[in-house]
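Q: In UniProt numbering, the protein residues as written are 1 to 731. Attaching a single structure in structure tokens format; questions to follow.
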């Protein structure tokens, strides 16, 4: 059979634009604008008969068509060239709309000129003649005669003026798009230098009421009641020199605690630089328009880390179309990474967050000195940072009631914990808040040992952590009994009743763990069970947990822990999987690090982005030294009770590794396994499984113990182990 010839099918779309397919849009702009400028020069020279035969021919043709309008035609050509050269819109849009508007403008001008001439003559339509001459040319005559006949002079003039106005709107519309239509505050349209001169609304100065005064009280003989009973540390394996325990009795109001002054903290004076806001808004709109998504730009919010450009999509546009274009927007803006919030909670807008050219630190002093922080009645309010609008963010630990902090190494977790602790120190005395700090890394929290707010010295190993967690569970049960006897639903009501009756109040207890992963690796099941028990029930009795980890995996942040701790702070992580482990959604992998965070709680369903507060190690030491110096009589004291479970009385402090070697544990089948191996003169896991009727894990463990004690040799691939002991008497 003859082979069929393949017929080439021509694509009409590609054939029409084949000549310019290899040219970029920028090159096309230059070519067309240059052509328009060249035509403008030729027309100008033709007016003085210096453009040759072609110039005179062009002048004659256009003078016949549009009359005296030819003398302003060079201005129109220059305007077309500028549109090609400067317009932010695409090249295709300029060809379709801009040039058409220019021609409309020329024809309307010719019609107005011819309209004046026809108004003084008889309205008789002249047949087409080559020698016709008029103010508006033949096209002006064709446009103006029907309108003058139908609407009269003033009606026709109004129509031409409207056409001119519409043409000018179409021509100038691309240039107006460069500027956002709605702005939230003045500095959005100013340059970077002018932004520094204009104070932001969130930086309103407020003089805090932190003054140091000597307070004296008349001495009265008052009966004291022990809120928490002391216990003997040796019964729990705590050495006296490492874990000092003293008896403390709670005091009545008024408190002798002197709050530290704000001068101990440093003040940040730098301002963020967002770059060219107007240009970025135009780029965002043009990029989305290139993908067929028309949007209307709205306000711009400049924050300490990112600038949020808000926009409103046209009706019928799916938000998923815009969220999938984050990489294209990052390429167009030359910024990475870009986060898209769609929609903004509580508003019919979506936001595109672009990193600032210059980031700034959010000082803790500015947040603590804020009016909202100082006037709040909550004892457990702490400073979190500033959002994308530059507005201070505060969180109430009593409402959370527990907090999970996670992120990669160096993302800002420990600084966040330091800010939380210092915020509590600036608000609360040691009678109102007690702290338990657990630091398996041994380098972050020991500086706080001088504080009188600590219930016990900073804990650095898993055994003591388990003891304290079990004590907290017992303290929680004891407090529930006190609340039940007083018929109070929570600790606030209980303390209010006690204050009226002249009795002592229960302090809040806040447990802070800096690295949960180390504790879960050594005592995972025990630690997890205690944390879950406290997270489920301790809110009403004033016990709150703050857990931090740099390894956000399901082995560390288990499902039970996540289910009971709804308030979470996510710093920068390496992957989207880690972000979903923390927040149950993606987003943390696009953060910028160095304090950039996402915050979610029971009240805030969608993550809220913020720049976390910053406090240096020098500032932390200054505050701690100040508190320790002014409260020497209470510094370093501890308060731990003996109301713990019976099994903890026999607990002993484990080694620093916190991992007990399983070789020290005796297996009940060890002797029988040893006899089987010596009798058969071979050792393997399958042999012990068959003879003893046990699983592989236990059989392998027995082999390892036999190897450790010199009964059998090491494993040699698939071969059975060598038996060193020929008779049982040789052992």
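A virtual CB, placed ideally from N, CA and C, is assigned to each residue, including glycine.
If you run the structure through DSSP and keep just helix, strand and coil, what is residue 719?
A: Here residue 719 sits in strand by DSSP.
Q: Whose C-beta lies closer than 7 angstroms to the C-beta of residue 710 among residues of the same chain, with five residues either side of it excluded?
A: For residue 710, where only same-chain residues beyond five positions count, the Cβ hits under 7 angstroms are 724.
Q: Work out the CA separation of residue 606 and residue 715 for me, nearest whole Å.
A: About 54 angstroms.
Q: Going by the CB atoms, is the gap between residue 411 and residue 571 shorter than 8 angstroms?
A: Yes; because the gap between Cβ atoms is below 8 angstroms, this pair is in contact.
Q: Would you mind stating whether residue 733 and residue 111 have Cβ atoms separated by less than 8 angstroms?
A: Missing from the structure shown is residue 733; the chain here goes from 1 to 731 and no further.
Q: Closer than 7 angstroms by C-beta to residue 683: which residues in its own chain qualify, once you throw out the five before and the five after it? Chain order, please.
A: So the list reads 677, 703, 706, 712, 720, 721 and 723, once near-sequence residues are dropped.
Q: Can you list, in chain order, the residues of its chain with a C-beta nearer than 6 angstroms to that of residue 313? Leave out the 5 residues immediately preceding and following it.
A: So the qualifying residues of the chain are 295.
Q: Identify the continuous alpha helix (DSSP H) that holds residue 61 and give its terminal residues.
A: Looking at the DSSP string, the run of the alpha helix (DSSP H) that includes residue 61 is 52-66.
Q: My understanding is that residue 422 touches residue 627, with C-beta atoms under 8 angstroms, so please give their C-beta distance in whole angstroms.
A: That belief does not hold up - the Cβ atoms of residue 422 and residue 627 are roughly 10 angstroms apart, past 8 angstroms.
Q: Would residue 156 count as contacting chain D if we go by Cβ distances under 8 angstroms?
A: Among the chains of the structure shown, chain D does not appear; only one protein chain is present.
Q: Between the region 435-447 and the region 573-588, are three or more C-beta pairs nearer than 8 angstroms?
A: Flag = no, the region 435-447 and the region 573-588 do not touch.
Q: From residue 306 to residue 603, what does the alpha carbon distance come to, in whole angstroms?
A: Distance between the alpha carbons of residue 306 and residue 603: 24 angstroms.
Q: Roughly how many whole angstroms lie between the Cα atoms of residue 591 and residue 695?
A: When rounded, the distance between both Cα atoms is 47 angstroms.
Q: Starting from residue 518, follow the beta strand (DSSP E) in both directions and report where the run begins and ends.
A: Segment 516-537 is the alpha helix (DSSP H) holding residue 518; no beta strand (DSSP E) there.
Q: Can you tell me the Cβ-Cβ gap for residue 514 and residue 445, rounded? I've got them flagged as a contact below 8 angstroms.
A: Right, their Cβ atoms sit about 6 angstroms apart.
Q: I'd like to know whether the C-beta atoms of residue 303 and residue 357 end up nearer to each other than 8 angstroms.
A: Result no, Cβ atoms of residue 303 and residue 357 do not sit closer than 8 angstroms.
Q: Could you please give the first and the last residue of the uninterrupted alpha helix (DSSP H) stretch that includes residue 605?
A: No alpha helix (DSSP H) contains residue 605, which DSSP labels as neither H nor E.
Q: According to DSSP, is residue 320 helix, strand or coil?
A: Helix at residue 320.
Q: Excluding sequence positions up to five away, which residues of its chain have a Cβ less than 8 angstroms from the Cβ of residue 458?
A: 437, 438, 439, 445, 446, 448 and 449.
Q: Look up residue 400 in the DSSP assignment and say whether it is helix, strand or coil.
A: DSSP places residue 400 in coil when its eight states are reduced to three.
Q: Determine the DSSP secondary structure at residue 548, reduced to helix, strand or coil.
A: Here residue 548 sits in strand by DSSP.
Q: Under 7 angstroms Cβ to Cβ from residue 623, same chain only, skipping five residues before and after it: list those, please.
A: If we look at residue 623 and ignore the five residues flanking it on each side, its Cβ neighbours are 260, 264, 422 and 425.
Q: For the beta strand (DSSP E) holding residue 752, just list the boundary residues, first then last.
A: Any answer about residue 752 is impossible in this case: the structure gives the chain only from 1 up to 731.
Q: Since residue 548 contacts residue 405 with CB under 8 angstroms, what's their CB separation in whole angstroms?
A: About 4 angstroms separates the two Cβ atoms, so the contact holds.
Q: Tell me which residue opens and which closes the alpha helix (DSSP H) that residue 486 is part of.
A: Here the alpha helix (DSSP H) through residue 486 covers 462-486.
Q: Near residue 416, which residues of its chain fall below 7 angstroms by C-beta distance, leaving aside the five closest residues on each side in sequence?
A: If we look at residue 416 and ignore the five residues flanking it on each side, its Cβ neighbours are 405, 569 and 612.
Q: So if DSSP puts residue 754 in a beta bridge, which residue, or which two residues, is it bridged to?
A: In the structure as shown, the chain begins at 1 and stops at 731. Residue 754 is therefore absent and cannot be evaluated.
Q: Determine the DSSP secondary structure at residue 271, reduced to helix, strand or coil.
A: It is coil, neither helix nor strand.
Q: In the DSSP assignment, the alpha helix (DSSP H) including residue 494 goes from what residue to what residue?
A: From DSSP, the alpha helix (DSSP H) with residue 494 extends over 491-501.
Q: With burial defined as no fewer than 16 other Cβ atoms inside 10 Å of the residue's Cβ, what is the status of residue 467: buried or exposed?
A: Buried, by the Cβ-count rule.
Q: Mind the definition here: the region 524-543 touches the region 468-477 only if three or more C-beta pairs lie below 8 angstroms; say whether that holds.
A: These segments touch.
Q: Any heavy atom of the ligand COA closer than 7 angstroms to the Cβ of residue 517?
A: Looking at this structure, you won't find the ligand COA or any other ligand, since it has none at all.
Q: Compare the C-alpha of residue 545 against each of 160, 554, 532 and 315 and name the closest.
A: Residue 545 has its Cα closest to that of 532, out of 160, 554, 532 and 315.
Q: Can you grab the Cα-Cα spacing for the pair residue 402 / residue 507, in whole Å?
A: Approximately 17 angstroms between the Cα atoms of the pair.
Q: Look at the Cβ atom of residue 113, then the Cβ atom of residue 135, and state whether they are nearer than 8 angstroms.
A: In this structure, residue 135 lies closer than 8 angstroms to residue 113 by Cβ.
Q: Is the CB-CB distance between residue 594 and residue 353 below 8 angstroms?
A: Against a cut-off of 8 angstroms, the Cβ pair of residue 353 and residue 594 comes out as no contact.
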